[in-house]
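> Mind having a look at this structure? Questions to follow.
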Amino acid sequence: MKALVTVKRVIDYNVKVRIKPDGSDVDLTHVKMAMNPFCEIAIEEAVRLKEKGVISEIIVVSIGAQVVQEQLRAALAMGADRGILIQTDQTLGSFSTAKILKTVVESENPNLIIMGKQSIDSDNNQTGQMLAALLGWGQGTFASELTVHADTISVTREVDGGLSTVELNLPALVTVDLRLNTPRYVSVPNIMKAKRKTIDITALETLNLSLVENNEILSVESPPTRQAGIQVKTVDELLDKLKNEAKVLS
Amino acid sequence: MKTLIIVEHDHVQLMPSIAHLVYAAKNIGYPIALLVIGSNCQSVAKSAAVIDNVSEVICADASVYEHQLPENSALLIQALSHDYSHILVASSTFGKNLMPRVAALLSVDQISDVIAIQNESIFKRPIYAGNAIATIKSHAQIKVMTVRSTAFESVAMSGHQAPIVTCDIVHDNNLSRFIKAENAASDRPELTAARVVVSGGRGLANADNFQLLYQLADKLNAAVGASRAAVDAGFVPNDMQVGQTGKIVAPDLYIAVGISGAIQHLAGMKDSKVIVAINKDADAPIFKIADYGLSQDLFEVLPELIAKL
Ligand SMILES: Cc1cc2nc3c(=O)[nH]c(=O)nc-3n(C[C@H](O)[C@H](O)[C@H](O)COP(=O)(O)OP(=O)(O)OC[C@H]3O[C@@H](n4cnc5c(N)ncnc54)[C@H](O)[C@@H]3O)c2cc1C
Ligand SMILES: Nc1ncnc2c1ncn2[C@@H]1O[C@H](COP(=O)(O)O)[C@@H](O)[C@H]1O
């Protein structure tokens, strides 16, 4: 069984973004970048399935600028077999991303696609569901547990009310949540080995897709900032403030 | 031009978010229809019909919709879509699972997690864990969006009677099957709708100590939340997680206990009206956004607080 895993290069999750003084966008110059944490979990899951003998090949795909190869190499070092870069300097929305990924799926014919549930930059949480729709496949979103059977996959999903389990016919698409696994640290020998794995690079233009961006960013601003309040010394003082100053307790 | 809102329900009750979504949709300015998808969901449709400002309720009642799976629900919504300029759903896990599938079938981007509606095509939404707010203009023929219900007030459910129309479109689902749900039963108020929320973090140290938070919550008629660290450590179930990847809450009073205040946690609670932080580390980042900080050991503070309430 062949698995396709998607990875996105995003701002490192520890970094707090700055907004450009002209309010046109966030400022990413000299900001530390990394693999989207959810994509790391997606790769880890694929590698574990390969170690169990469920999956025979893991193909990792990213759409983005040339530097995105760094994240593809990181995924190869974790255990993916080969990489595909669809290269573009354009900023793409989720629908365009899903359309591009669909062409990769059509040429690679995987049985399983594993994606992050959300990019931590756009916080869109759309691309996986969109790709599943375009392919006409079943979707198991926000997965915290996966079991692959012969023709189906069971996916336990983290939902607002607790957990929900669905069974999907294969081929199927899964988006992963944080508690599915803890990604491994990559060893130096594996980093060296990853250097010899192949990354196929295709320029986006050569796919001849007509891509239309329909969400235009007019401006980006800081959220209203909260002022730090006061330190109270005792429980009595806290209760007094909540009752008589904030008036949230009676 | 009409707006369609997908109703989230469990076949017994409407999720309270619906009244907030109708309030949000009023800013678009077009008549508002609600769509109830389910099996034997007539009674839910009736309770939706009493919501103010609703012009009609469409009820798609068929056994294939029993578990409201996205594969066929999305096809149903696509089939109904030509009457509408806007399609909305709450940005709950239900809405996030379903709506991008609808958007893709309609060949448009979704606008995720809308927190303000300026007019029919301009919206605000948080990005980067809420550290930036983007103003988006949608050029799509049809605007498909998820809406953060806590960012909007709610309309009344004052016994107004919108007509209920039946929709007979049935799409089978041969891609996925529902197997089971494990729902954490609780008598406490629902997290995203509660007036008071008390949340615990890694500082609580184990599951047993969460009893202290439950006692505090009972005194305040509060919902109980948690940080990701507390959920990952197994102190509490996943549905209690507040944050970028958990639930977004905006209560009148939020009490963070033994939580450091990572940006991903703040993303889920910083719009609360009054924030209280209890943390023994005076330098914890949570104090930077708290209205009232108490820098002491939670195991001393909580029993005293519970006793004095
Ligand atoms: C992609 C991504 C998404 C994430 N999403 C979320 C999310 O949705 N929600 C979320 O919460 N986190 C999320 N996180 C995790 C987040 O980065 C933090 O790791 C997490 O919020 C820390 O939880 P905590 O504050 O409970 O633990 P810690 O950071 O370990 O803080 C524990 C605090 O307890 C205090 N303490 C300890 N003992 C006591 C005592 N006896 N009395 C008083 N105080 C005490 C300590 O001083 C400390 O400040 C996410 C991370 C990533 C990478
Ligand atoms: N440019 C991209 N390249 C590869 N994968 C992507 C890209 N954008 C999004 N994805 C995948 O889609 C998931 C969800 O992203 P989003 O819908 O943007 O929140 C991410 O976790 C990635 O796995």
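Taken in order, these protein sequences are the chains called A and B. All residue numbers for the first sequence refer to the numbering used here, where the first residue is 359 and numbers rise by one. All residue numbers for the second sequence refer to the numbering used here, where the first residue is 1035 and numbers rise by one. We put the CB at the ideal spot given by N, CA and C, even for glycine.
#1: Report yes if the C-beta of Tyr371 (chain A) is less than 7 angstroms from at least one heavy atom of ligand 1; otherwise report no.
#2: Please report how far the alpha carbon of Ile1066 (chain B) lies from the alpha carbon of Ala1124 (chain B), in whole angstroms.
#3: Ignoring anything shorter than 3 residues, give me the beta strand (DSSP E) runs that lie fully in the region 1216–1271 of chain B, in order along the chain.
#4: With three or more beta-carbon pairs closer than 8 angstroms as the criterion, would you say the region 1289–1308 of chain B touches the region 555–575 of chain A?
#5: Considering only the alpha carbon of each residue, which of B:Leu1110, B:Leu1300, B:Ser1233 lies closest to Val1265 (chain B)?
#6: Using the Cα positions of Asn482 (chain A) and Val1148 (chain B), report the straight-line distance between them to the nearest angstrom.
#7: Ligand 1: which residues have Cβ under 5 angstroms from any of its heavy atoms, chain order?
#8: Could you compute how far the alpha carbon of Thr485 (chain A) sits from the alpha carbon of Val365 (chain A)?
#9: Do you know offhand how far Thr1279 (chain B)'s Cα is from Asp1206 (chain B)'s?
#10: Scan the region 498–524 of chain A for residues whose Cβ lies nearer than 8 angstroms to a Cβ of chain B and list them as they occur along the chain.
#11: Should Met473 (chain A) be listed as close to ligand 2, given that the test is whether its C-beta is under 7 angstroms from any heavy atom?
#12: Report yes if the C-beta distance between Gln1132 (chain B) and Ser1115 (chain B) is below 8 angstroms; otherwise report no.
#13: Taking the beta strand (DSSP E) that Pro1290 (chain B) belongs to, which residues open and close that run?
#14: What first and last residue would you give for the alpha helix (DSSP H) that runs through Gly1280 (chain B)?
#15: What residues from the region 441–452 of chain A come within 8 angstroms of chain B, judged by C-beta to C-beta, listed N to C?
#16: What are the residues in the region 1050–1066 of chain B lying within 9 angstroms of chain A by C-beta distance?
#17: Please list, in chain order, the residues of the region 1322–1340 of chain B that have any C-beta partner in chain A closer than 8 angstroms.
#18: Just to confirm my understanding: we take Glu1154 (chain B), look at its own chain, exclude 5 residues before and 5 after, and list those with CB closer than 6 angstroms. What are they?
#19: Is the region 1039–1052 of chain B touching the region 1069–1080 of chain B, taking contact as three or more C-beta pairs under 8 angstroms?
#20: Is Tyr1248 (chain B) close to chain A, meaning its C-beta is less than 8 angstroms from at least one C-beta of that chain?
#21: Beta carbon of Ala400 (chain A), beta carbon of Ile472 (chain A): below 8 angstroms?
#22: I'd like to confirm something about Thr455 (chain A): is its beta-carbon nearer than 7 angstroms to some heavy atom of ligand 2, or not?
#23: Starting from Phe453 (chain A), trace the alpha helix (DSSP H) in both directions and tell me its first and last residue.
#24: Under 7 angstroms: does the beta carbon of Gly498 (chain A) sit that close to some heavy atom of ligand 2?
#25: Count the other CB atoms within 10 Å of the CB of Gly1193 (chain B); is the residue buried (16 or more) or exposed (fewer)?
#26: List, in chain order, every chain A residue whose beta-carbon is nearer than 9 angstroms to that of Leu1287 (chain B).
#27: By the 10 Å Cβ neighbour count, where 16 or more other Cβ atoms means buried, how is Gln1047 (chain B) classified, buried or exposed?
#28: Can you list, in chain order, the residues of its chain whose CB lies under 7 angstroms from that of Glu398 (chain A), leaving out five sequence neighbours each side?
#29: Do we get a CB-CB distance below 8 angstroms when we pair Tyr1162 (chain B) with the residues of chain A?
#30: Between the beta-carbon of Lys460 (chain A) and the beta-carbon of Leu430 (chain A), is there less than 8 angstroms?
#31: Assuming contact is defined by CB atoms lying nearer than 8 angstroms, are Val1189 (chain B) and Tyr1057 (chain B) in contact in what I supplied?
#32: Which stretch, first to last residue, makes up the beta strand (DSSP E) that contains Gln497 (chain A)?
#33: Tell me where the beta strand (DSSP E) around Ala530 (chain A) begins and ends.
#34: Could you compute how far the alpha carbon of Ala1263 (chain B) sits from the alpha carbon of Leu1247 (chain B)?
#35: If we ignore side chains and look at the alpha-carbon of each, how far apart do His1045 (chain B) and Thr1200 (chain B) end up?
#36: How many angstroms separate the CA atom of Thr523 (chain A) from the CA atom of Lys1214 (chain B)?
A quick look at the data gives this:
#1: Yes; taking the cut-off as 7 angstroms, the Cβ of Tyr371 (chain A) has a heavy atom of ligand 1 nearer than that.
#2: Going by the C-alpha atoms only, they are around 15 angstroms apart.
#3: For the region 1216–1271 of chain B, whole beta strand (DSSP E) runs of length 3 or above, ordered along the chain, are 1230–1234, 1257–1260.
#4: In short, these stretches do not touch, since the Cβ pair count stays below three.
#5: Just measuring C-alpha positions, the residue of B:Leu1110, B:Leu1300, B:Ser1233 sitting nearest Val1265 (chain B) is B:Ser1233.
#6: The alpha-carbon atoms of Asn482 (chain A) and Val1148 (chain B) are separated by roughly 11 angstroms.
#7: Qualifying residues, in the order they occur: A:Tyr371, A:Pro395, B:Gly1235, B:Arg1236, B:Gly1237, B:Ser1261, B:Arg1262, B:Ala1263, B:Gly1277, B:Gln1278, B:Thr1279, B:Gly1280, B:Gly1292, B:Ile1293, B:Ser1294, B:Ala1296, B:Gln1298, B:His1299, B:Asn1313, B:Lys1314, B:Asp1315, B:Ala1318, B:Asp1331, B:Leu1332.
#8: Each residue's CA atom was taken as its position, placing Thr485 (chain A) and Val365 (chain A) some 12 angstroms apart.
#9: Those two C-alpha atoms are separated by around 31 angstroms.
#10: The region 498–524 of chain A vs chain B, Cβ under 8 angstroms: Gly498, Thr499, Phe500, Ser502, Ser512, Arg515, Glu516, Val517, Asp518, Gly519, Gly520, Leu521, Ser522, Thr523, Val524.
#11: Here the distance from the Cβ of Met473 (chain A) to the nearest heavy atom of ligand 2 is below 7 angstroms.
#12: The sequence shown places Leu at residue 1132 (chain B), not Gln. Cβ distance not < 8 angstroms, so Leu1132 (chain B) and Ser1115 (chain B) don't count as in contact.
#13: It should be pointed out that residue 1290 (chain B) corresponds to Ala in this sequence rather than to Pro. Going by DSSP, Ala1290 (chain B) is part of the beta strand (DSSP E) stretching over 1287–1291.
#14: No alpha helix (DSSP H) holds Gly1280 (chain B); DSSP gives it neither H nor E.
#15: Taking a C-beta cut-off of 8 angstroms against chain B, the contacting residues of the region 441–452 of chain A are Gly451, Ser452, listed in chain order.
#16: Those residues of the region 1050–1066 of chain B that come within reach of chain A (Cβ to Cβ, closer than 9 angstroms) do not exist; the list is empty.
#17: Correct list: Lys1322, Ile1323, Ala1324, Asp1325, Tyr1326, Gly1327, Leu1328, Ser1329, Val1335, Glu1338, Leu1339.
#18: Scanning its chain for C-beta atoms nearer than 6 angstroms, with the 5 sequence neighbours on each side dropped, one finds around Glu1154 (chain B) the residues Ile1062, in chain order.
#19: Enough Cβ pairs lie closer than 8 angstroms, so yes.
#20: Taking 8 angstroms as the threshold, the shortest C-beta distance from Tyr1248 (chain B) to chain A does not fall below it.
#21: For the pair Ala400 (chain A) and Ile472 (chain A), the CB atoms are nearer than the 8 angstroms cut-off.
#22: Distances from the CB of Thr455 (chain A) to the heavy atoms of ligand 2 include at least one below 7 angstroms.
#23: 452–466 is the span of the alpha helix (DSSP H), which, as asked, contains Phe453 (chain A).
#24: Checking the Cβ of Gly498 (chain A) against ligand 2 gives no.
#25: By the neighbour-count rule (16 or more Cβ atoms within 10 Å), Gly1193 (chain B) is not buried but exposed.
#26: Within chain A, the residues Leu600, Ala604, Val606, Leu607 have their CB atoms less than 9 angstroms from the CB of Leu1287 (chain B), given in chain order.
#27: Answer is exposed; the Cβ neighbour count stays below 16.
#28: Sequence-distant Cβ neighbours of Glu398 (chain A) in its own chain, meaning closer than 7 angstroms and more than five residues away, are Pro541.
#29: Flagged as an interface residue toward chain A: Tyr1162 (chain B), by a C-beta distance shorter than 8 angstroms.
#30: Contact annotation: Lys460 (chain A) and Leu430 (chain A) have beta-carbon atoms that are not nearer than 8 angstroms.
#31: Result yes, Cβ atoms of Val1189 (chain B) and Tyr1057 (chain B) sit closer than 8 angstroms.
#32: Looking at the DSSP string, the run of the beta strand (DSSP E) that includes Gln497 (chain A) is 496–506.
#33: In the DSSP annotation of this structure, the continuous segment of the beta strand (DSSP E) that includes Ala530 (chain A) starts and ends at 530–534.
#34: Going from the Cα of Ala1263 (chain B) to the Cα of Leu1247 (chain B) covers about 16 angstroms.
#35: Whole-angstrom Cα-Cα distance: 16 angstroms.
#36: So the two alpha carbons sit approximately 5 angstroms from each other.
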